[in-house]
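Novice: Below is one structure. I have some questions about it.
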Amino acid sequence: MKQILDAPNPSWKNILSIFYKFSPKDKNIIDRWFDKSIQAFIFSRSAWSLFYIVTFRKKLFGNVTINFWLPDYFCNSALYFLKKENINFVFYPLEKNLTPDYEQIKILLKENERPDIFLAINYFGKKIEFLNFFEIFKK
Numbered sequence: 041m042k043q044i045l046d047a048p049n050p051s052w053k054n055i056l057s058i059f060y061k062f063s064p065k066d067k068n069i070i071d072r073w074f075d076k077s078i079q080a081f082i083f084s085r086s087a088w089s090l091f092y093i094v095t096f097r098k099k100l101f102g103n104v105t106i107n108f109w110l111p112d113y114f115c116n117s118a119l120y121f122l123k124k125e126n127i128n129f130v131f132y133p134l135e136k137n138l139t140p141d142y143e144q145i146k147i148l149l150k151e152n153e154r155p156d157i158f159l160a161i162n163y164f165g166k167k168i169e170f171l172n173f174f175e176i177f178k179k
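Numbered according to the working numbering, the sequence shown terminates at residue 179, and the numbering increases by one at each position without gaps.
As structure tokens, this is what we get:
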């Protein structure tokens, strides 16, 4: 049976490049985004960054339970470390164009506790109105 692939086959140069040490021109990528007075971190996975944010929030405010709101279209593996913590996940709905359903978020807010952490995502570079979230949650 002939296999049909959507992706092109890698070149020999691509295959052999995995054996050489990657040497980016910019040695310290953090310097491009932050000045020296700010402590910054780069995480290898979004799961680690979310775990750090939750841990920091717990230490900062002494929360035992964290109310974490995130879009219902979200990678489950990024929540791997958080599932072992005492976290109340609330998945808010998105419209078909992957923007937040603000009316449904208002309803969820009446049924659930206010979020300690609210995660919003610009899917595929589509901009969303973050000010709408501030208006909803300031009430």
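By construction, the Cβ of each residue, glycine as well, lies at the ideal position given by its N, Cα and C atoms.
Are the beta-carbon atoms belonging to Pro111 and Tyr142 less than 8 Å from one another?
Specialist: Not a contact, by the Cβ cut-off of 8 Å.
Novice: Along the chain, where does the alpha helix (DSSP H) containing Asn172 start, and where does it finish?
Specialist: Here the alpha helix (DSSP H) through Asn172 covers 170-178.
Novice: Can you tell me the Cα-Cα spacing of Ile168 and Leu149, whole angstroms?
Specialist: One C-alpha to the other measures close to 19 Å.
Novice: Report yes if the C-beta distance between Phe91 and Phe108 is below 8 Å; otherwise report no.
Specialist: No, Cβ-Cβ distance for Phe91 and Phe108 is not below 8 Å.
Novice: Ile106 and Asp71: beta carbons closer than 8 Å?
Specialist: Their beta carbons are not under 8 Å apart, which means Ile106 does not touch Asp71 by this criterion.
Novice: Output the boundary residues of the beta strand (DSSP E) element that contains Trp109.
Specialist: It spans 106-111 - the beta strand (DSSP E) in which Trp109 sits, taken as one unbroken run.
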